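Undergrad:
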Amino acid sequence: MPETKTKKSEDFNEWYNEIVELADLCDKRYPIKGMNVWKPYGWKLMNNVDSLTRHEMEKTNHQEVYFPLLIPESFFKKEEEHIEGFGSEVYWITHAGTNKLEERWLLRPTSETAMYPIFSLWIRSHSDLPLKTFQIVNTFRYETKQTRAFIRVREIHFFEAHTCHTDFEDAERQVKEDKEIADRLLKKLCLPYIFSKRPEWDKFAGAHYTISIDVLMPSGRTLQIGSIHQYKDNFAKPYEISYETEEGTHTYCHQTTYGMSERLLGALIGVHGDNKGLVMPPAVAPIQVVIIPIIFKGKEKNVLDVCNKLHKKLTEDNIRSHVDDREITPGNKYYDWELKGVPLRVEIGPKDVEKKEIVIVQRNTGKKRSILQEKAEKTIKNELDTIANTLFTNAKKLLDENMQRVHTVDEAKERKGIIEIPWCGNKDCAIEIENILEGNTLGEPIDKGTCDYSCPICRGAAKTWMRFAKMY
RNA sequence: GGGCCUGUGGGGUAGCUUGGCAUCCUUGUGGCUUCGGGAGCCAUAGACUUGAGUUCAAAUCUCAGCAGGCCCA
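If you want it as structure tokens, here you go:
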């Protein structure tokens, strides 16, 4: 059975690089660091993820918008913390043709500063609220660290939802809705995740608080795949986003954002993939079922007829299938589609045609069985559900086994993955723990009870549990 | 910012020390026989990162540029 050169369990990072290359998701030869070319299969996959996102946005009454890529420097500079947070990683446009620009423009690193001056024009009265918008665009950040396909890039495929509300409480309701959206979406991607409230010193530049959405990669590092920010009126003030209340007074809006990126693909690849290649969750797999005709000379027609008939029936049932009728051997085709992570393979040969059967094979488990043709669509549908459930269950197991609560740094040092440890609330103590564990402060659990232990560094009473992990 | 390393067909490589026809695998194209886990044979296409220097002769040596990777601050 063919396998990757580097095994996932031996060197995860090397395995990741190999699999991204082999599965034909992107071309890394574009000569600018961190800017890769999306290849058709990878782009299709990303589009499928985006479709799920759009669907969730529609269900929750968000409106899709598209703001310009370029932002005038004066827009960008209105909120001080934000400038500090992003200033060092923006790309600047200084010239147009041979002329030097009077005012510099920047490529959006995120769109707050493009959108909010315009929101202030759109929002006049309480009846304009809530304003719930989102866009799926490219953003640019000048990364100086090592880049990695889908995980750390300079041109980011970015989903960002921006909302404006009458008050803090309504914005809090939005945060709650965002968490529910994330939960539904990540369930479809078969990705178990955790929400953490980021520490003060590491929240989004300008935010009141930030909730990060993290996935545990098999390397033991966490990958932040999304974030939800409560801005309070921190941006509304400098950007003058205010409205007239029913009483006739003027008040600033409260805002939230929710963002995700192609890191979702990074997580899919890393969490579900194996030494044979990708394993795609059925919900986003560009091809959910690949049908492979086993052709013998003189019997091609019957076999191909059955294949095409099945393909047609599956299409009618909204299952994405593909008949691979290339003139290469079946084994070669198995190898190709396993690499690309197609969740279910159907094999149809002369023997099956005779018996009115088809053979189905699960990508993730390799389990193979024959079923009757007349039951094909129903069985295939169930099978795809089973595959999704198994993917989720296995990933959940990985997360559960590698997220542990401990009380001392000595215990913590022995564990891999995500550690929860009592914390007094002092930044210095957290930094000390970071140094000892050679990890980072991830944030505190948002939905777990109080912590009655003492801080392992200063021995003061712990305010909360705090999570630490090595991060991507 | 400081240091180290690397650029050879579409992909992966050999050759570089000691200058002399550029190796092998894979891929592409055309053809024949095949097809239940990477088929075989034949034919064919395709490369030394750029510039300068040394030399009868440079992938190979020297200098500079461009691009990439790694380590340290």
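Each residue of the first sequence is one higher than the one before, starting from 330 at the first, in the numbering used here. By construction, the Cβ of each residue, glycine as well, lies at the ideal position given by its N, Cα and C atoms. Keep in mind that this is a model prediction, so the values were computed, not measured.
Taking V688 and V632 to be in contact with their CB atoms under 8 Å, please state how far apart those CB atoms are, rounded to whole angstroms.
TA: So it is not a contact: roughly 12 Å between Cβ atoms.
Undergrad: Out of E431, R550 and V619, which one is the CA nearest neighbour of D653?
TA: Between D653 and the set E431, R550 and V619, the nearest pair of CA atoms involves V619.
Undergrad: Locate the beta strand (DSSP E) running through W794, then write down its first and last residues.
TA: Residues T793 to A798.
Undergrad: Classify L593 as helix, strand or coil using the three-state DSSP reduction.
TA: helix
Undergrad: DSSP three-state call for R383: helix, strand or coil?
TA: helix
Undergrad: Would you say K725 and G768 are within 7 Å of each other, going by their C-beta atoms?
TA: no
Undergrad: Is C787 helix, strand or coil by DSSP?
TA: coil
Undergrad: Who are the near neighbours of R453 in its chain, counting only those whose CB is closer than 7 Å to its CB and skipping five residues on each side?
TA: Excluding residues within five positions, the ones whose Cβ falls inside 7 Å are Y572 and E573.
Undergrad: In whole angstroms, give me the CA-to-CA distance for A759 and G772.
TA: 10 Å
Undergrad: Around the C-beta of G602, are 16 or more other C-beta atoms found within 10 angstroms, so that it is buried, or is it exposed?
TA: buried
Undergrad: So, are the CB atoms of P610 and Q617 less than 7 Å apart?
TA: no
Undergrad: For K337 and L545, I'd like the C-alpha separation in whole angstroms.
TA: 15 Å
Undergrad: Which one of I775, T779, L713 and K792 has the shortest CA to CA distance from W752?
TA: K792
Undergrad: Quick check: what's the CA-CA separation for Y877 versus R502?
TA: An answer regarding residue 877 cannot be provided, because it is not within the stretch 330 to 801 covered by the chain.
Undergrad: Alpha carbon to alpha carbon, what distance is there between K756 and R477?
TA: Distance between the alpha carbons of R477 and K756: 30 Å.
Undergrad: Between the C-alpha atoms of T722 and E387, what's the straight-line distance to the nearest angstrom?
TA: 28 Å
Undergrad: Classify M732 as helix, strand or coil using the three-state DSSP reduction.
TA: strand
Undergrad: Pick out whichever of P659, H491, P438 and T427 has its Cα sitting closest to the Cα of S417.
TA: Nearest C-alpha to S417: P438.
Undergrad: With DSSP as the reference, identify every bridge partner of Y572, one or two as the case may be.
TA: T580
Undergrad: Classify M330 as helix, strand or coil using the three-state DSSP reduction.
TA: Confidence is the limiting factor: at M330 the pLDDT is only 48, short of 50, which leaves the residue's position unreliable, though a coordinate-based value still follows. It is coil, neither helix nor strand.
Undergrad: According to DSSP, which residues form a beta bridge with G772?
TA: R796
Undergrad: Quick one: what does DSSP say Y538 is sitting in, helix, strand or coil?
TA: Under the three-state reduction of DSSP, Y538 is assigned to strand.
Undergrad: By alpha-carbon positions, which one of H651, K696 and K566 ends up nearest to T715?
TA: Of H651, K696 and K566, the residue nearest in Cα terms is K696.
Undergrad: May I ask which residues mark the beginning and end of the alpha helix (DSSP H) holding K756?
TA: K756 to L766
Undergrad: Among residues of its own chain, excluding the 5 on either side of L399, which ones have a beta-carbon nearer than 6 Å to its beta-carbon?
TA: W434
Undergrad: Taking 8 Å as the limit between beta carbons, can you name the residues of its chain near P679, skipping five residues before and five after?
TA: I623, F625, K628, N631 and V632
Undergrad: What residues match up with F463 in a beta bridge as DSSP calls it?
TA: E393 and A490
Undergrad: Grab me the residues of T333's own chain with a C-beta within less than 8 Å of its C-beta, minus the 5 sequence neighbours each way, in chain order.
TA: Only residues of its own chain outside the window of five on either side were considered, and among them W344, E347, I348, L351, N604, K605 and G606 have a CB closer than 8 Å to the CB of T333, listed in chain order.
Undergrad: Can you check the segment 635-687 for any beta strand (DSSP E) of at least 3 residues that lies completely inside it and give the ranges in chain order?
TA: 650-652 and 673-677
Undergrad: Run through the segment 418-446 for me and flag every whole alpha helix (DSSP H) of 4 or more residues, listed as ranges in chain order.
TA: none
Undergrad: Between the segment 778-789 and the segment 558-566, do three or more beta carbon pairs fall short of 8 Å?
TA: no
Undergrad: Do K368 and C355 have their C-beta atoms closer together than 7 Å?
TA: Yes, Cβ-Cβ distance for K368 and C355 is below 7 Å.
Undergrad: According to DSSP, simplified to helix, strand and coil, what is S403?
TA: helix
Undergrad: Rounding to the nearest angstrom, what Cα-Cα distance links C784 and I762 in this structure?
TA: 10 Å
Undergrad: Put I748 into one of helix, strand or coil per three-state DSSP.
TA: strand
Undergrad: In three-state DSSP terms, what is Y370?
TA: helix
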